[in-house]
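Single-structure report; data block below.
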Amino acid sequence: MSSAIPPQNHPLGAPATSTNYSNQEGIGNTGRSESRGLHGSLNGFLQQPRYYIFSNGYSGLAQHAAKEIREMAISQDSIGNDFTVLKSWMRKFNQKLKPNARWYFDKGQYSADTNAIREVMQRSRNAPTAIYLAGHTEVPDDQGSQELLAYVPANYLEASNGQFNYIYYEEMRQLLFEGPHLQSGPLLFITEVCHCDNFLRLPYVLECNGNEPQWRETKYHDGYVENSDDIVHFAATSPGERSALFRSGAIFTRTLCDINPSEALSLSEIIKRLSEKITEHGQRPRIYCSRKMDEAHFFKHMRFYYPWADSSASSDSNSNA
C-alpha cells in the first residue's frame, strides 16, 4: 500500500514526543531500571504477550481536493475484514486468556498517529511483544535509500510546518533498539505495507527460492550486535513491491492469519506457506531475523503460543480484541 508523496524534511531519529498512554491502556510502565538477568527473563516468560495493532485507512483523506491524496484512502471494508481475522488469530494463541492488545485505527479510541507510534516503539518490553503496522509507505522522489522510506501516519496532513507528516522506518528502529529502555522479551514486527525492506537491520533473511525456503545473510550481518532476545520481522513484500489488498482484506494479513499458532511449524515452513499463496499476487514475503531460527514450533518458542497457561496467569489488559 503506497502512494507517491512529495519528499519531506523530517529529520531521521527525531526526538519522540513524550506521551504516556500506560494508564489509558491498562498496561503499566515496566520501569527502566530492571535487570536483564534471571528476574527479567522469568518476568518476560510469565507475562502475557502484548499486541499493538497500527492500521491506517486514511478515511479523512477521502474528500481531499487533491486527487493523489484522495486516492490514498483505503476501503474501510478491507480494514474491517483485516481486523476480524487478526482478532480471531490472536485468540488462538491462548484459548483461556483474552489477548492483551491495543488497537490504533481511523475511527477507534486510539489513532495510529506519530505520537502513538513513537510512544509504543520506545516503551520498555518485559514480555513477548508483537507490533503490526499497516498502511502506506512513502518512497521519496529520486531516493532509493532504505533510511528514507517512511510510514504515513494518521496525522499525515497535520504537520505544523505546512509539509506532510510521517515517520521514517529508520526512526522506528532507533526507538525500538537504541533508546535507554529495557528490552527483555521477544519481538515480532509485522509490516503490511508496500516497499517493505529490512527496516530493523537484521542480519538474516528467509525467503523462498522457487518452492524452497532459503536463508541468506543481509548487508547488516557483519555489523550486527547480537541480542539475547529473538527479533523477527514478517514483511508482506520484498523491496520495491506493492502489497495486494482487496475488499476482503490484505492478502498477506489473511494468509498469515490462516496459520494456526498451535500447529508446530518452523519459520521455514511458515515462509513456504506464505509464499505459496501470496506470490501469485506479485509480492514475495520475507522474514528477517536476528539469527537463523530452526525451532520446530516457532510461535511456542517465541512465547506467544503457550497452551500450558491458565486463567490465573498474569494479565493487565483492558483489550477490546
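Position one of the sequence shown corresponds to residue 15 (this note's numbering), numbered consecutively onward.
We put the beta carbon where it would ideally sit given N, CA and C, even for glycine.
Am I right that residue i and residue j are in contact with their C-beta atoms under 8 Å? What's the rounded C-beta distance?
| i | j | result |
| --- | --- | --- |
| residue 265 | residue 281 | That pair is no contact at about 20 Å. |
| residue 68 | residue 148 | 7 Å |
| residue 212 | residue 234 | 7 Å |
Using 10 angstroms around the beta-carbon of residue i, count the other beta-carbons present and answer buried if the total reaches 16, otherwise exposed.
| i | result |
| --- | --- |
| residue 260 | exposed |
| residue 228 | exposed |
| residue 109 | exposed |
| residue 321 | exposed |
| residue 230 | exposed |
| residue 127 | buried |
| residue 318 | buried |
| residue 239 | exposed |
| residue 47 | In this predicted model, residue 47 has a pLDDT of only 33, less than 50, meaning its place in the structure is not dependable; the value taken from the coordinates is given anyway. Answer is exposed; the Cβ neighbour count stays below 16. |
Would residue i and residue j be called neighbours here (beta carbons separated by less than 9 Å)?
| i | j | result |
| --- | --- | --- |
| residue 241 | residue 290 | no |
| residue 251 | residue 210 | yes |
| residue 245 | residue 279 | no |
| residue 294 | residue 257 | no |
| residue 168 | residue 274 | no |
| residue 150 | residue 208 | yes |
| residue 72 | residue 146 | no |
| residue 232 | residue 253 | no |
| residue 106 | residue 276 | yes |
| residue 163 | residue 191 | no |
| residue 311 | residue 171 | no |
How long is the line joining the alpha carbons of residue i and residue j, rounded to whole angstroms?
| i | j | result |
| --- | --- | --- |
| residue 272 | residue 175 | 43 Å |
| residue 184 | residue 83 | 24 Å |
| residue 61 | residue 315 | 14 Å |
| residue 129 | residue 179 | 11 Å |
| residue 74 | residue 137 | 28 Å |
| residue 99 | residue 285 | 19 Å |
| residue 86 | residue 152 | 11 Å |
| residue 134 | residue 116 | 10 Å |
| residue 139 | residue 198 | 6 Å |
| residue 292 | residue 111 | 31 Å |
| residue 88 | residue 63 | 29 Å |
| residue 299 | residue 287 | 10 Å |
| residue 141 | residue 187 | 18 Å |
| residue 269 | residue 103 | 11 Å |
| residue 313 | residue 113 | 15 Å |
| residue 144 | residue 177 | 31 Å |
| residue 166 | residue 118 | 14 Å |
| residue 90 | residue 76 | 11 Å |
| residue 55 | residue 243 | Interpretation of residue 55 is limited by its pLDDT of 44, a score under 50 that renders its predicted location unreliable; no figure is taken from the coordinates. |
| residue 305 | residue 219 | 9 Å |
| residue 80 | residue 123 | 28 Å |
| residue 236 | residue 125 | 38 Å |
What does a CB cutoff of less than 6 Å around residue i pick up in its chain, not counting 5 residues either side in sequence?
| i | result |
| --- | --- |
| residue 262 | 95 |
| residue 92 | 259, 261 and 263 |
| residue 267 | 96 and 206 |
| residue 307 | 281 |
| residue 309 | 315 |
Got a sec? Which residues, its chain only, sit under 7 Å from residue i by beta carbon, not counting five neighbours each side?
| i | result |
| --- | --- |
| residue 189 | 30, 132, 135 and 136 |
Can you give me the Cβ contacts of residue i inside the same chain, cut-off strictly under 8 Å, excluding the 5 residues immediately before and after it?
| i | result |
| --- | --- |
| residue 296 | 255, 256 and 258 |
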